[in-house]
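Worksheet: the structure to be examined is printed underneath.
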C-alpha cells in the first residue's frame, strides 16, 4: 500500500504562508514529518491562491524544498500542465503526476509527459460529463485511460486509476460503486493498472472523519486499492493500512508489523 | 451487520465460575453490558470444563440467565446437539444455532433441528477433511450447506455460512481466500445465505489483536460479510462496523451514525 502524504498543499494555512513568504520551513517540516510517519510519496500542491502564471515557479520551489528535507519522491498535484512540467524538470527520482482525467485532450498532454519524464500518472475515472455513478461506467473510463497508457507506452503499473470517492453524506450511493469499480479495474489488463484515491474526500463535511477515512481505505483495499492520498499524521489510518497488508497476505506477518510497515 | 457478542463463554474465567457456582451474576452482567455496547445476539457457550452429560442442563441455565437480563436472542454454541436442543427448548424468540459443519451426518441433525425450532443456523465451510485452503473449495462446502438448507426447507437468509478465518500468524495465506470465499458464497443462491465468522480467530496469539480483528472485519464486510461473533466491548470494532455499514450504503448516513448503530 503506497501512502501519498497529503499535507504539502497550499490549501493548508501554514503551506500557503510558506509560499507567500518564500519561507520553506513549513514545507520542510511536513516533508520530514510525513516521511517519519510512513508516507512513501509526498503530494505537492500549490493550492488555490497561487495565480496560474505563478504556479510553475511555485511548484518548482515546493519540489526543491520538499526534496531537500526528505528522500521521498513527490506527487505533483496541479490542474496546470505547465506547473506539473516545471516540477518534473527539477524532481529527483521518479515523480508521480496528479492527474489527468479521461478526456482525450488531457490524456494527449499527460501520457506523453509521463513517458518523457519516466513518471507515474494518476488517471481519474471522470471526463467533461462529470463523475459517473455506476461501477461499470467508472470502469469504462478506466479502460480509456488503460488504452491510452498502452498507446503511449506507459507501463501499466505506472498508471494509477482513481475511481473518485465522493463524500458519504452527499454521495453515499457511490460508496459501494467505487469499491466494485476498483475490483473491476484490476481485471481490465494484465498486468493491471494500479489504483489510488484521494481518501479524505469520502469524509468531507462529515462527522467522524478519521473513522470514515480509515474504514473506507480498508474496504477499498479488500477490492484491490494499491495506494491512497492520505493524512499520514492519522496514526490509526497508517496502522489500518499495515494491518490490511498483512491480512491480505501482501506483507508477511511479524509481531512488529506496524514498525516494519513504517520503516519501509 | 449483526454483531454476536462472544463474552458468555465458559472459556472465560468469570463465566466458568458462574457455571460452577450456579451464580448467574456474571452471566447477567455480560448479557446487559453486551446489549448496551451494540450486540444484536448473545453467543452462549458452556465452555470446555462442563462434561458432556452436564452440557444440556448448563446450556438451559445459561440461556435463561442471559435472557432474564437482556431482550436479545441467543446464539447457542456447542458441539453437543443435546445441549443445543436443551437451549432451544427454553429460548424466547428466534435463536441461532452455532454450528453445523458440512459433514452430511451433522447436517442431518442440525438442519431439521433449526427448522423445527424456527432457528437460524451457522454452517461451517469445513468437513471431516478439515478446513480447505482455497476460496473455491470453501465455496464448494458452502454449496453443500446451501443444498441442505434448500432440501430441509430452511429459508436461505437463516443459513449463516462461516468460511472460517485462521490466525494471521499461522494461516496468513488463508486471509485473502476467506475474503474471496465470502464474495463467492453471496453469489451461490438467490436470495443468498448470510455469512458470519468467529472474528477473534484471525488474531489468535498475534500482536495487535484489536487492530487485526477490526481491520479483518472491514475487509470481509467489503466482500459481503453480514455478521460476526465479536468482542463488542471493543469500541473501535463496533465503530468500524457502524462506519462500514454507512460506507457500503447499507445504513443511511447521519452525523450521529455511531449512536444510531448502537441503539438499533
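Chains as they are written, first to last, in this note's numbering: chain A, 1 to 264; chain B, 1001 to 1264.
Note that CB positions come from ideal geometry on N, CA and C, so glycine has one too.
Any C-beta of chain A under 7 Å from that of residue i
i, result
"residue 1179(B)", "yes"
"residue 1198(B)", "no"
"residue 1212(B)", "yes"
"residue 1218(B)", "yes"
"residue 1137(B)", "no"
"residue 1201(B)", "no"
"residue 1255(B)", "yes"
"residue 1045(B)", "no"
"residue 1031(B)", "no"
"residue 1168(B)", "yes"
"residue 1223(B)", "yes"
"residue 1265(B)", "This structure does not reach residue 1265(B), given that chain B is present from 1001 up to 1264, and the question cannot be answered."
"residue 1207(B)", "yes"
Start-to-end residues for the alpha helix (DSSP H) that takes in residue i
i, result
"residue 1161(B)", "Where residue 1161(B) is concerned, there is no enclosing alpha helix (DSSP H), although the beta strand (DSSP E) it sits in stretches over 1159-1162."
"residue 165(A)", "No alpha helix (DSSP H) contains residue 165(A), which DSSP labels as neither H nor E."
"residue 1199(B)", "Unbroken run through residue 1199(B): none, as it is neither H nor E."
"residue 236(A)", "235-247"
"residue 87(A)", "81-90"
"residue 277(A)", "Absent from the structure is residue 277(A), since the part of chain A shown begins at 1 and ends at 264."
"residue 12(A)", "That residue, residue 12(A), is in no alpha helix (DSSP H); it is neither H nor E in DSSP."
"residue 1029(B)", "1025-1037"
"residue 217(A)", "209-223"
"residue 1104(B)", "1104-1116"
Residue-level contact to chain B via CB, residue i, 7 Å cutoff
i, result
"residue 215(A)", "yes"
"residue 175(A)", "yes"
"residue 172(A)", "yes"
"residue 131(A)", "no"
"residue 189(A)", "no"
"residue 165(A)", "no"
"residue 125(A)", "no"
Whole-angstrom C-beta distance between residue j and residue i, which should lie under 8 Å
i, j, result
"residue 154(A)", "residue 1244(B)", "Not really, about 34 Å apart at Cβ, beyond 8 Å."
"residue 1247(B)", "residue 216(A)", "5 Å"
"residue 1197(B)", "residue 1231(B)", "Actually they do not touch by this definition, with Cβ atoms about 13 Å apart."
"residue 1203(B)", "residue 1176(B)", "Their Cβ separation, rounded to whole angstroms, is 16 Å, which puts residue 1203(B) and residue 1176(B) out of contact at 8 Å."
"residue 193(A)", "residue 157(A)", "7 Å"
"residue 1046(B)", "residue 1062(B)", "7 Å"
"residue 59(A)", "residue 26(A)", "So it is not a contact: roughly 16 Å between Cβ atoms."
"residue 169(A)", "residue 205(A)", "6 Å"
"residue 1124(B)", "residue 1102(B)", "7 Å"
"residue 1236(B)", "residue 1262(B)", "Not confirmed; about 13 Å, so no contact."
"residue 77(A)", "residue 44(A)", "6 Å"
"residue 1119(B)", "residue 1151(B)", "17 Å between Cβ atoms; not a contact."
"residue 224(A)", "residue 183(A)", "6 Å"
Residue interval of the beta strand (DSSP E) (run including residue i)
i, result
"residue 41(A)", "41-45"
"residue 1053(B)", "Note, residue 1053(B): premise wrong, no beta strand (DSSP E); not H, not E."
"residue 171(A)", "Looking at the DSSP string, residue 171(A) is not in any beta strand (DSSP E), and its letter there is neither H nor E."
"residue 6(A)", "2-9"
"residue 98(A)", "96-100"
"residue 1077(B)", "1074-1077"
"residue 120(A)", "120-124"
"residue 1228(B)", "1227-1230"
For residue j and residue i, the rounded distance between their alpha carbons
i, j, result
"residue 1145(B)", "residue 122(A)", "44 Å"
"residue 1057(B)", "residue 1042(B)", "18 Å"
"residue 11(A)", "residue 1179(B)", "38 Å"
"residue 1139(B)", "residue 1228(B)", "18 Å"
"residue 1004(B)", "residue 1075(B)", "8 Å"
"residue 1014(B)", "residue 1068(B)", "18 Å"
"residue 1173(B)", "residue 109(A)", "42 Å"
"residue 1117(B)", "residue 1126(B)", "24 Å"
"residue 132(A)", "residue 185(A)", "15 Å"
"residue 1254(B)", "residue 1032(B)", "27 Å"
"residue 1107(B)", "residue 1160(B)", "13 Å"
"residue 86(A)", "residue 1037(B)", "55 Å"
"residue 1250(B)", "residue 187(A)", "26 Å"
"residue 1050(B)", "residue 199(A)", "50 Å"
"residue 1222(B)", "residue 1048(B)", "34 Å"
"residue 1007(B)", "residue 258(A)", "28 Å"
"residue 1024(B)", "residue 1091(B)", "16 Å"
"residue 1233(B)", "residue 1035(B)", "10 Å"
"residue 190(A)", "residue 137(A)", "20 Å"
query: Taking a cut of 7 Å between CB atoms, which residues from the stretch 234-263 of chain A lie near chain B?
result: Residues passing the 7 Å Cβ filter: 239, 240, 243, 244, 246, 247, 248, 249, 253, 255, 258.
message: Taking beta-carbon pairs under 7 Å, can you tell me which members of the stretch 88-122 of chain A lie near chain B?
response: Against chain B - using a Cβ distance shorter than 7 Å - the stretch 88-122 of chain A contributes no residues.
Under 8 Å (Cβ pairs) to chain A, residues found in the stretch 1052-1081 of chain B: Under the 8 Å Cβ criterion, the stretch 1052-1081 of chain B contributes no residue.
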